[in-house]
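Going by the working numbering, 548 is the number at position 548 of the sequence shown; the sequence numbering is gapless.
From the three backbone atoms N, C-alpha and C, an ideal C-beta is built for every residue, glycine too.
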Amino acid sequence: MYIKSIIIEGFKSYAQRTEINGFDPLFNAITGLNGSGKSNILDSICFLLGISNLTHVRASNLQDLVYKNGQGGITKATVSITFDNSNKSQSPLGFETHDEITVTRQVVIGGRNKYLINGVNANNTRVQDLFCSVGLNVNNPHFLIMQGRITKVLNMKPPEILAMIEEAAGTRMYECKKISAQKTIEKKEAKLKEIQTERSSYLEYQKLMREIQHLSRLYVAWLFVCAEETKKKSAENLKVMQDNIAKMQANMAENESKIQELSAQIQEQQKKRDQEVNGVLKTLEDTLADAQRVDAKSQSALDLKKQNLKDETKKRKELVKSMEEDKKMLVVKEKEVSKLAEQLRTVQEEGQKDSAALETAEQHFKAVSAGLSTNEDGEEDTLAGQMMACKNDMSKADTEAKQAQMTLKHAQAELKSKQAEVKKMDSGYKKDQDALQAARSSREKLEAGLAKLNYEEGKEESLLENRRQLSRQVSQLKETYERLMSRFPNLRFDYKDPERGWDRSKVKGLLANLITVSDVTYATALEVVAGGRLYNIVVDTEVTGKKILEKGELQRRYTIIPLNKISAKTLNDKVINAVGQDNVHTSLSLVGYEADLRKAMEYVFGSTLVCDTLDNAKKVAFDKQVMTKTVTLGGDIFDPQGTLSGGARSQSASILTSLQEVKEVQDRLEEKEAQLQDVERQLADLKGTAEKYRQLKQQHELKLEEEQILQAKVQQSSFHQQQEELERLRKAIEESEETLRVTKEVKKKAEEKYKVLENKMKNAEAEREKELKAAQEKLNTAKAKADAFNKKLKQKQQESDAVALELEELQREQAGYEQQIQAVDEAMKAIQEQIDSMACTVSQNKETVRKAQEELSKQKEVIMTQDKELKEKNTEVNKMREKNNEAQLKIKELEHNINKHHKESQDAADKVSRMLEEHDWIHSERQYFGQPNTSYDFKTNNPREAGQRLKKLEETTSKLERNVNKRAMNMLNEAEERYNDLMKKKRIVENDKAKILQTIKELDQKKNEALNLAWQKVNKDFGSIFSTLLPGATAKLAPPQGCGVLDGLEFKVALGDTWKENLTELSGGQRSLVALSLILAMLLFKPAPIYILDEVDAALDLSHTQNIGQMLRTHFTHSQFVVVSLKDGMFTNANVLFKTKFVDGMSTVSRTALSQSDSNVPLKLHDKARQKDRRNKQLIG
């Protein structure tokens, strides 16, 4: 059976219906560029064969197989393959009468996938059976060699290579049978254990029942005795509790009279205090308010004047800045004018020179025309006169040379004598010079040390000043914080760590400090909702709370809220629908808090609503669907139980509103304290550096002064003066030597000129003509220069005039700026005078405010003293009331206990009667209860332990009753027969186990025999194929050293006579040949009708690829090969070549026949090819 044609539609890159006809029954190749759809043809074959692991076809789900995942308008993928079934010996089971078999598979996006066999619907199992019957199991494929399979084979461990041989040999069925047999043994052994357990459970059950009966009587007897004793004790306790109630009521009456007396005193003092508050205090507060208003007004005026002064100062700076910029421009222009003037002067001087040269040239031309000659200085003279002048110059040069020679000799002599004197004074000067150099070196070292310290001078003083300011601010904030806290002493919460290493994060703090109120209009309502719970302490666990109460040394009583134990009912948001979301809120939604505090907040705020008006509150509170406690913004309470609370509240600010101010002060205090600590740290870091800098600075100043003193000493020394004299003599010598050199040159030039003039005297006529011609040329040159000068002078004059005008404009602007600055200065002076006058007024106003504040503070202290007295009396009243409340609670507790004792006494009597009715044996054995040396001895047998033991035994018995046959308790003979039957079953199970073990042994033996035969055959073909592909090389499959074949197999390769220890010693191509040879040997061992190879030659060179292609063509004619390759050496050996291309986003296929063999080759030729293949295989073997 082989592939004749493939039809692909909507599968991966094949968007349109593509028919691939003319498959060769032996060797087909597919090639094309990367991404053109080569491997997609192989994927379509695997898809049709029913592959379940979609990663083999490079997809994650069936939808990935549809063209562009269904995004391109195509919603289904269809693959149809027609198989040639003319060879009936290879026909699938049930299809022997069909010459062709057409299988179709289709998958639809969002729907199911279906199969068709010869146009008839078929299920997945039937298709799998069809292909498995001819050895094409796609889910365990040995006929499918996809990309990467070569690398996987090379990386296989010995057991994995052995597993490949087992799969080819078919010994996996033996393993399946072995596993099945082992499971059967396990079931039999479990049954045997069940039989043995059932008998022991029955015996244990009987034993437990006897013990339960004994313990039950003991425990019932003890309960009966306890009930009778409780009945007797209850009557005695009742009288004691009634006496205590009478005493407490008398104490309560006495405390109530004291409370009334103190209340009268408190009312009288309160009346007196209110008069003072409404009289003197109010007057002082009004006075202070007036003074503060006047102060604020004067301060505002002063600030305005300061702002005006600041604006004028800014304006003056801008004017000065503009003036400075124009000054710079003025300087530039002045420089430009000066430069142009200089250039103009230079041009004029050049013009004067050119004019003089023109005039000289004209005179020279006239003189030469008149017969005169010109000397080097341009003077007109005769040749005789010039010769006389040369003689005078030579005489003058001789005289100057003699004078210079005399000066030189005198200076040299004086220099020699002075040098001798200097040598005598050299030692003292050198010592001073060394001291100066040492002082300079020390100064430079100290400067380097100062630079290395990298210390900014004055930084420590700046930090000290900053520390003083921060300390003052911290003190002021602390005073403000303490003043605010004194108004709300209940907000203080301090405790001592109950143990060493205590983690203070466990104690969250006072609940009032843990919440924030974003809208202050709700503050009063929330304060009423929380009530006393506002001062509760929140902790993480009840253990933390217990430690705080026991060892925290708390100053007053607190209620603890442990987060791990507290629970509360919370309201549903649906309750607000009655009056609308804007009119009612859950109180929990109006406070802000940390997420980990939610349980505590639900406990305090979770069960109350807040309404904006009394009507809405009443409507919500008594709504049948709500029935929840409600509070208005003014603090009035509506309770669904029927009570209402309200009326006038205190005029002072709400605690929650004031708490926000306290928190702000606390935040600023913490910020300033952090800044202060940072400054302290910087001062500590700078302390050593600053001290070292001061020491080095002092040393540097001393060394600098020492250096200056030594410098003055050196300069004032006689040695230094002598040195200066020596320098003067050296300069005089140099000048004399220069004079001698110059006079020699002058004398030499005069002598040369004299010789020239002598020659001219001899050739006077010729020289005259020559000079006349030279004079004419000189005159023409001078005229040209004069014309150029006039033009250049005119241009420069124009440039100079333009720049002069710009300079005058800038000077006028400067004058304007000066006038504006003068006006601004006068305005600033006037504003400053006003500021000084107003500052005096402001300081007087502030003094008035300060005095008013002092008087107000004194009056408040008087009122605070009265408040303190009132508070003490109120505290005393509250203590008495607390005592009365505690006494009332105790009375209620005692009354509750009396009722409880009545009830317990009645319960005990009822219990005695009930037990006598339930247990008849109590009447007969009652006299033995609690008696020593009896079954009811409570000292020997602890009744409590007996009760616990009885409970455990009853639980064990209930478990045993599920597995124990209860009827066996009454039928002992039946139990014996059951035991014998179980023993018989045990022997049967043991016999079955022996038979199963024998079967496993036989299966293992057959498996080993088949595996050895498969290994020998595959090993032989493996070595032969490898030697053919790589001449001179040998390969085999052998077990690892010290192991057998059943432990695993590994590759052994030899190049020539040298066996390689590891495959890493081979090249990449050689390793690929090893893996490929093994795969081909497996194909020879158990051939399938079709083989699919996907780029197995990727790592091989052209020669090896050619060898592989030829081998597939000549030696594997028993099956059809479909090979994907990019190399000529492979696909040129194929009978048919399919080429893929990617055109307009879709794949196309074209067919080429490479040999005389075609897909329509007659069956006889096919059989001849098979016979030739068998002969070649014999040659290879």
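Nearest CA to the CA of residue i: which residue from the options?
i     : options                    : result
V610  : E706, T628 and Q307        : T628
A1183 : S475, K744 and F1131       : Look at the range of the chain in this structure, 1 to 1181, and you will see that residue 1183 is not part of it.
I80   : K88, D43, S89 and N87      : It is worth fixing the name first, because residue 80 is Ser in this sequence and not Ile. Among K88, D43, S89 and N87, the Cα nearest to that of S80 is on D43.
K416  : N933, E725 and T841        : E725
K1239 : E9, N28 and I3             : Nothing can be reported for residue 1239: it is not among the residues displayed for the chain, which extend from 1 to 1181.
S1230 : D64, T399, L93 and L48     : Past the edges of the chain, shown from 1 to 1181, lies residue 1230, and the structure says nothing about it.
V604  : T940, T613 and S589        : S589
N85   : F131, Y67, Q699 and R58    : F131
E809  : K152, K333, L696 and N137  : K333
D494  : E876, R681 and G552        : G552
V57   : G73, E229, Y67 and N40     : N40
L463  : L262, R483 and R681        : R681
D867  : E918, F1051, L162 and Q269 : Q269
I245  : T516, A887 and E96         : A887
What did DSSP end up calling residue i once you bin it into helix, strand or coil?
i     : result
A15   : coil
R556  : coil
G1044 : coil
F95   : coil
S5    : strand
T875  : helix
K114  : strand
K1127 : coil
W921  : helix
E160  : helix
S587  : helix
R58   : coil
Q1201 : Because the chain in this structure spans residues 1 to 1181, residue 1201 falls outside the shown range and cannot be described.
D612  : coil
Use the C-beta contact count for residue i: other C-beta atoms within 10 angstroms, 16 or more gives buried, fewer gives exposed.
i     : result
R105  : buried
M971  : With a pLDDT of only 45 at M971, under 50, the local geometry of the prediction cannot be trusted, and the value read off the model is given with reservation. With fewer than 16 other Cβ atoms within 10 Å, it is exposed.
A530  : buried
M1    : buried
A815  : exposed
M969  : Low local confidence applies: a pLDDT of 43 at M969 is under 50, so the model's placement there is unreliable, and no value is given.
Y535  : buried
L644  : exposed
S1159 : At S1159, the pLDDT of 39 sits below 50, so the modelled position is not reliable; the number obtained from the coordinates is stated separately. Burial call: buried.
A1035 : buried
So residue i and residue j are supposed to be a Cβ contact under 8 Å. How far apart are they, rounded?
i     : j     : result
A1054 : A1033 : 7 Å
I566  : K618  : 31 Å between Cβ atoms; not a contact.
D295  : N845  : 4 Å
T31   : L1126 : 6 Å
T82   : T102  : 5 Å
In angstroms with no decimal places, state the Cα-to-Cα distance between residue i and residue j.
i     : j     : result
G1023 : V1124 : 25 Å
I150  : V1136 : 25 Å
K892  : I898  : 10 Å
F1026 : S5    : 34 Å
K282  : Q267  : 21 Å
S486  : L288  : 23 Å
E19   : A77   : 14 Å
Y1189 : L563  : Outside the modelled stretch of the chain, which goes from 1 to 1181, sits residue 1189, for which no answer is possible.
E256  : L894  : 21 Å
I1079 : I988  : 49 Å
Q16   : Q1016 : 49 Å
T841  : E826  : 23 Å
L1063 : S36   : 35 Å
L1154 : S1119 : 19 Å
L49   : G1056 : 44 Å
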